[in-house]
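Colleague: With full-length UniProt numbering, the residue at position 175 of the sequence shown is 175, and numbering never jumps.
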Amino acid sequence: MSKAISRVPAIANEPVKSYAPGSDEVKSLIATYKKLWKEKAEIPMIIGGKEVKTDKKIQLSSPQDHQHDFGFYYEGDMSHVDSAIESALAAKAKWNALGWEQRAAIFLKAADLLAGPYRDTINAATMIGQSKNVHQAEIDSACEFIDFLRFNVEFMTDLYADQPISEKGIWNRVEYRPLEGFCFAVTPFNFTAISGNLPACMALMGNVVVWKPSDKQVFSAKVIMDVLKEAGLPDGVINMIFTDGKETAEKVLAHPDFAGLHFTGSTKVFQGMWKMIGDNIHNYKSYPRIVGETGGKDFVMVHPSANVEAVATGLVRGAFEYQGQKCSAASRAYIPRSLWDDVKAVMEAQIKTIKIGSPEDPSNFVNAVIDKNSFEKCKGYIDRANAASDASVIIGGQYDDKKGWFVHPTVIETSNPSYESIVEEIFGPILTVYVYEDEKWNDTLKLVDTSTQYSLTGSIFAQDRYAIDEAYKALENASGNFYINDKPTGAVVGQQPFGGSRASGTNDKAGSKMNLLRWVSVRSIKETFVSPKDYKYPYLG
Ligand code: NAD
Numbered sequence: 001m002s003k004a005i006s007r008v009p010a011i012a013n014e015p016v017k018s019y020a021p022g023s024d025e026v027k028s029l030i031a032t033y034k035k036l037w038k039e040k041a042e043i044p045m046i047i048g049g050k051e052v053k054t055d056k057k058i059q060l061s062s063p064q065d066h067q068h069d070f071g072f073y074y075e076g077d078m079s080h081v082d083s084a085i086e087s088a089l090a091a092k093a094k095w096n097a098l099g100w101e102q103r104a105a106i107f108l109k110a111a112d113l114l115a116g117p118y119r120d121t122i123n124a125a126t127m128i129g130q131s132k133n134v135h136q137a138e139i140d141s142a143c144e145f146i147d148f149l150r151f152n153v154e155f156m157t158d159l160y161a162d163q164p165i166s167e168k169g170i171w172n173r174v175e176y177r178p179l180e181g182f183c184f185a186v187t188p189f190n191f192t193a194i195s196g197n198l199p200a201c202m203a204l205m206g207n208v209v210v211w212k213p214s215d216k217q218v219f220s221a222k223v224i225m226d227v228l229k230e231a232g233l234p235d236g237v238i239n240m241i242f243t244d245g246k247e248t249a250e251k252v253l254a255h256p257d258f259a260g261l262h263f264t265g266s267t268k269v270f271q272g273m274w275k276m277i278g279d280n281i282h283n284y285k286s287y288p289r290i291v292g293e294t295g296g297k298d299f300v301m302v303h304p305s306a307n308v309e310a311v312a313t314g315l316v317r318g319a320f321e322y323q324g325q326k327c328s329a330a331s332r333a334y335i336p337r338s339l340w341d342d343v344k345a346v347m348e349a350q351i352k353t354i355k356i357g358s359p360e361d362p363s364n365f366v367n368a369v370i371d372k373n374s375f376e377k378c379k380g381y382i383d384r385a386n387a388a389s390d391a392s393v394i395i396g397g398q399y400d401d402k403k404g405w406f407v408h409p410t411v412i413e414t415s416n417p418s419y420e421s422i423v424e425e426i427f428g429p430i431l432t433v434y435v436y437e438d439e440k441w442n443d444t445l446k447l448v449d450t451s452t453q454y455s456l457t458g459s460i461f462a463q464d465r466y467a468i469d470e471a472y473k474a475l476e477n478a479s480g481n482f483y484i485n486d487k488p489t490g491a492v493v494g495q496q497p498f499g500g501s502r503a504s505g506t507n508d509k510a511g512s513k514m515n516l517l518r519w520v521s522v523r524s525i526k527e528t529f530v531s532p533k534d535y536k537y538p539y540l541g
C-alpha cells in the first residue's frame, strides 16, 4: 500500500464566522436560506451510491413555519434496509484495501468543501430544517462538523503510530483493522455535526456503514451525502436510508454481519437497541461494539461566592440557546438563597431582551422547537408547573403554535428537589431552579449527584477555590464534561472530548482518539528474525 510514513496537514479548530449585522457573510447566508426556502427539495435515499426513490413521499415542513413545506424525502421500507446492508458489504473489500492516506484525503477534502463552497448550504439547510439561528448553525453544521472530519484524521494517525516495543531479534507491530462486517449509525435531529460524524468516523477507520438519520434532519443529511460524494467517497461505503427506526433496528441488529452500533439519541431508544443486541448475541460472527451517547439533565451548581452576572449569563445561554435542545443544555440550577434575588433579577433583565422567531432574521436568539411533539411536551411541563403547589413559573411560560413551534424561555422555581421538571429530560427552553439555604452547600452537592439518572454535563460557579475543589470531588461521577465558571454547553472538538456516563451513554468521547478505538480491532504481529532450531532451552542442559 503506502510507501511513505506521511504526515497529515497541521490541524486547528475551524474559526467561527461572526455574521455581524450587514456583513457580506450574513447577507450571503440569508440569501442561501431564502433560496432553499423557496425551492422544493427532493431527497432520495443513497444506497450503493445510487439515488433511491420510492412511491412514499414525506413532506418536509419547517419548525418555524409548519405550514410551509420546503420539499419532501422518499421513505423506504425493509427491502431498502436489506439493500443498504448488501451494498455496504459489497463495498467492504475494496475500501478495506485502500491505504489510510487515500481514506484521510477524502474526509479532509470534505472538510474543505464544507468550510468553503458548501458552508452556506449546510448552515442554511440546518436553519430551515432544524430551526437554528445563524450562530447555532455555524458552530454546529459548519465548524464542529469540519473539526470532527479534520481532527479524526489526526487521531487516526496518532492511533496508528501507537506501536508496541520490540526486543532484540524481534519486531512487534499492531495494526488497526476495521471491524469485520458492517456498522450501523443512528443519529439524532439536534446536531448536523453529530449526524455527519457518526457514520464518517467509522468509515474513516475503514468500515462500511448503514446510516439512518433522524427524519427531522434529512435536509442537512442530504447535504452531508452531497459533500461526501464530491469529496470522492466510494459508492456503498456509507448508505443513507430513511426508514422506520424501530423496524430498521430490528432488522439490522439481527444480521450476522452486524459489527458495531454508533448511536446518539435518547436513553430509552438506546436501551431498547442494546437489549435487541443482547437478544441476538448468538447470531453474530463477532461481538459487536456498542457506543451510545444519550440523554442528559445537566446541572448548574452555584456557590455563595459566585459572580452573579456570570451565573445569570451562563444560565441564559446554557438553558436557552437552540431552545434548550442540546443534550448538554443547562436544565437544573441550584442557587443559594443569598444570591437568588440578584441572579433572578439579572436573568429577568436578560431574558426580556431575547427576540424569538424565525432564523431568517438573525437577530432572533431563540427559534422554534423541533416539532409538535416537542411543543406539546414543553407546554405540558409549563401548564403543570402553573398548577403545582410545589413549583411555579417565574419567568416566561408563553407558547404559541400558530405559525411555528415557539416556546418562550421559561424558568420554573421549585421547592421540591424531586419535582418532575428538575429531574426529567425535557429537551426544550425550560430551566428549573431549586433555591437552597447557604449552609446546606454539602447536602445540595449530594442532591445534584443523586437526583437524576443522567451524568452528561454540569457546571460549578464559585470564586472560592475550596468550594470549587469540594464540588469537583463530590460531583466526580455526576457528569462526563465538567465546567468551572462556564455554561455546561459548547464542547469543542479537540478541546473538550464530549460524552457522559450513567444513563447518558457509554462515554466513548466523540471527537477523540478514544472513540475511534471502538471502530477497529487490533491485530498483533510478532516477527522473529532468527527462529530457534532446537526445542531445548538452556536450563535443560
Ligand atoms: P431519538 O432517540 O428520538 O432519535 C434518535 C434516532 O433514533 C433517530 O434517528 C430516530 O429515528 C431513531 N429511533 C427512534 N426510535 C427508535 C427505535 N425505537 N429504535 C431504533 N431507532 C429509533 O432522539 P432525538 O429526539 O433525535 O434527539 C434527542 C435526544 O438525543 C435527547 O435525548 C438528547 O439528550 C440526545 N442527544 C445526546 C447527545 C450526547 O452526546 N449525549 C447528543 C445529541 C443528542
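From the three backbone atoms N, C-alpha and C, an ideal C-beta is built for every residue, glycine too.
Could you please give me the residues that DSSP links to Pro178 through a beta bridge?
Modeller: Position 178 of the sequence shown, counting from 1, holds the residue named residue 178. DSSP, once it has assigned bridges, lists Val520 as partnering Pro178.
Colleague: I need the DSSP call for Asn239, collapsed to helix, strand or coil.
Modeller: Walking along the sequence shown from the start, residue 239 turns up at place 239. Here Asn239 sits in strand by DSSP.
Colleague: Determine, using beta carbons only, whether Pro178 and Asn207 come nearer to each other than 8 angstroms.
Modeller: Residue 178 sits at position 178 when you count from the first residue of the sequence shown. Residue 207 sits at position 207 when you count from the first residue of the sequence shown. In contact: Pro178 and Asn207 (Cβ atoms closer than 8 angstroms).
Colleague: When you compare the CB positions of Leu315 and Leu456, do they come within less than 8 angstroms of one another, or not?
Modeller: Locating residue 315 in the sequence shown gives position 315, where the first residue counts as 1. Locating residue 456 in the sequence shown gives position 456, where the first residue counts as 1. Not closer than 8 angstroms, so no.
Colleague: Going along the chain, which residues of its own chain have a beta-carbon closer than 6 angstroms to the beta-carbon of Glu175, five neighbours each way excluded?
Modeller: Sequence index remark: in the sequence shown, residue 175 carries index 175 (1-based). Correct list, in chain order: Arg523.
Colleague: Under 7 angstroms: does the beta carbon of Thr450 sit that close to some heavy atom of the ligand NAD?
Modeller: Residue mapping note: residue 450 aligns to position 450 of the sequence shown, counting from 1. Checking the Cβ of Thr450 against the ligand NAD gives no.
Colleague: Reducing DSSP to helix, strand and coil, say where Asn367 ends up.
Modeller: Position 367 of the sequence shown, counting from 1, holds the residue named residue 367. DSSP places Asn367 in coil when its eight states are reduced to three.
Colleague: Going by DSSP, name the residue or residues bridged to Ile47.
Modeller: Indexing the sequence shown from 1 puts residue 47 at position 47. Lys50.
Colleague: Evaluate the contact criterion for the region 208–221 versus the region 234–242: three or more CB pairs, one atom per stretch, below 8 angstroms.
Modeller: A contact exists between the region 208–221 and the region 234–242.
Colleague: How far does the beta strand (DSSP E) with Asn481 in it extend, from its first residue to its last?
Modeller: As a first step, residue 481 is located in the sequence shown; it is residue number 481 there, counting from the start. Asn481 to Ile484 is the span of the beta strand (DSSP E), which, as asked, contains Asn481.
Colleague: Leaving aside the five residues before and after Gln496 along the sequence, list all residues of the same chain whose C-beta is less than 8 angstroms from its C-beta, in chain order.
Modeller: For the purposes of this step, residue 496 is taken as residue 496 along the sequence shown, with counting starting at 1. The residues are Asn481.
Colleague: Under the three-state reduction of DSSP, which class applies to Pro538: helix, strand or coil?
Modeller: Counted from its first residue, the sequence shown places residue 538 at position 538. Three-state result, Pro538: helix.
Colleague: Going by the beta-carbon positions, is the gap between Gly71 and Glu101 smaller than 8 angstroms?
Modeller: If you number the sequence shown from 1, residue 71 lands on position 71. If you number the sequence shown from 1, residue 101 lands on position 101. Their beta carbons are not under 8 angstroms apart, which means Gly71 does not touch Glu101 by this criterion.
Colleague: Return helix, strand or coil for Glu424, following the three-state DSSP convention.
Modeller: Here residue 424 corresponds to residue number 424 of the sequence shown, with the count starting at 1. Three-state result, Glu424: coil.
Colleague: At a cut-off of 7 angstroms, would you count Leu456 as near the ligand NAD, judging by its Cβ distance to the nearest heavy atom?
Modeller: Here the question's residue 456 lines up with position 456 in the sequence shown. It does: the Cβ of Leu456 is within 7 angstroms (strictly closer) of some heavy atom of the ligand NAD.
Colleague: Using 10 angstroms around the beta-carbon of Val411, count the other beta-carbons present and answer buried if the total reaches 16, otherwise exposed.
Modeller: Within the sequence shown, residue 411 is the residue found at index 411, counting from 1. Classification for Val411: buried.
Colleague: Cβ of Gly499 within 8 angstroms of Cβ of Asp508?
Modeller: Translated into positions along the sequence shown, residue 499 becomes position 499. Translated into positions along the sequence shown, residue 508 becomes position 508. Their beta carbons are under 8 angstroms apart, which means Gly499 touches Asp508 by this criterion.
Colleague: Do Asp82 and the ligand NAD come close, with the Cβ less than 7 angstroms from some heavy atom?
Modeller: Translated into the one-based positions of the sequence shown, residue 82 becomes position 82. For the ligand NAD, not one heavy atom lies less than 7 angstroms from the Cβ of Asp82.
Colleague: Rounded to the nearest angstrom, what separates Lys109 and Ala231 at their Cα positions?
Modeller: For this step, residue 109 is matched to residue 109 along the sequence shown. For this step, residue 231 is matched to residue 231 along the sequence shown. Straight-line Cα distance between these residues: approximately 6 angstroms.
Colleague: Please go through the region 119–154 and give each complete alpha helix (DSSP H) segment of 4 or more residues, from N-terminal end onward.
Modeller: DSSP runs (the alpha helix (DSSP H)) wholly in the region 119–154: 119–130 and 134–137.
Colleague: As a quick exercise: from Ala31, Thr121 and Asp401, pick the residue whose alpha carbon is nearest that of Lys222.
Modeller: Along the sequence shown, one-based indexing puts residue 222 at 222. Nearest of Ala31, Thr121 and Asp401 to Lys222, Cα basis: Thr121.
Colleague: Short check: CB of Val407 to CB of Val369, under 8 angstroms?
Modeller: Mapped onto the sequence shown, residue 407 falls at position 407. Mapped onto the sequence shown, residue 369 falls at position 369. Cβ atoms of Val407 and Val369: closer than 8 angstroms.
Colleague: Who are Lys57's beta bridge partners in DSSP?
Modeller: As a position in the sequence shown, residue 57 is number 57, starting the count at 1. Lys57 pairs with Tyr74.
Colleague: At a cut-off of 7 angstroms, is Glu293 close to the ligand NAD when judged by its beta-carbon and the heavy atoms of the ligand?
Modeller: Along the sequence shown, one-based indexing puts residue 293 at 293. Yes.
Colleague: Flag this pair as touching only if the region 26–35 and the region 356–369 have three or more C-beta atom pairs under 8 angstroms; answer yes or no.
Modeller: The region 26–35, when compared against the region 356–369, does touch it at the 8 angstroms Cβ threshold.
Colleague: On a CA-only basis, which of Glu439, Phe182, Ser328 and Gln136 is nearest Ser305? Give me that one, please.
Modeller: Residue 305 sits at position 305 when you count from the first residue of the sequence shown. Taking only the C-alpha atoms, the option nearest Ser305 is Glu439.
Colleague: Do Gly458 and Pro63 have their CB atoms nearer than 8 angstroms?
Modeller: Translated into the one-based positions of the sequence shown, residue 458 becomes position 458. Translated into the one-based positions of the sequence shown, residue 63 becomes position 63. Against a cut-off of 8 angstroms, the Cβ pair of Pro63 and Gly458 comes out as no contact.
Colleague: Could you pull the start and end residues of the alpha helix (DSSP H) that Tyr33 belongs to?
Modeller: For the purposes of this step, residue 33 is taken as residue 33 along the sequence shown, with counting starting at 1. Asp24 to Lys38 is the extent of the alpha helix (DSSP H) around Tyr33.
Colleague: Whose C-alpha, out of Tyr472, Phe263, Asp158 and Ala478, is nearest the C-alpha of Ile514?
Modeller: Taking the sequence shown and counting its residues from 1, the one referred to as residue 514 is at position 514. Ile is not the amino acid found at residue 514; the sequence shown has Met there. The option with the nearest alpha carbon to Met514 is Asp158.
Colleague: Ends of the beta strand (DSSP E) at Ile412?
Modeller: On the sequence shown, position 412 is the one that residue 412 refers to. Counting along the chain, the beta strand (DSSP E) containing Ile412 begins and ends at Thr410 to Thr414.
Colleague: In terms of residue numbering, what span does the beta strand (DSSP E) encompassing Thr432 cover?
Modeller: Counting from one through the sequence shown, the residue named residue 432 turns up at place 432. Its beta strand (DSSP E) spans residues Ile430 to Tyr436.
Colleague: Within a Cβ cutoff of 6 angstroms, which residues of the same chain sit near Asn172, ignoring the five residues on either side of it in sequence?
Modeller: If you number the sequence shown from 1, residue 172 lands on position 172. Hits under 6 angstroms: Pro164, Ser166 and Lys526.
Colleague: Which residues share a DSSP beta bridge with Thr528?
Modeller: To locate residue 528, count along the sequence shown from 1; it is residue 528. Paired residues: Ile170.
Colleague: So Thr452 and Ala329 are in contact, right, with Cβ under 8 angstroms, and what is the actual spacing, rounded?
Modeller: The residue given as residue 452 occupies position 452 in the sequence shown. The residue given as residue 329 occupies position 329 in the sequence shown. Not confirmed; about 14 angstroms, so no contact.
Colleague: Have a look at Ile335 and Ile395 and give me their C-alpha separation to the nearest angstrom.
Modeller: Start at 1 with the first residue of the sequence shown, and residue 335 comes out as number 335. Start at 1 with the first residue of the sequence shown, and residue 395 comes out as number 395. Distance between the alpha carbons of Ile335 and Ile395: 16 angstroms.
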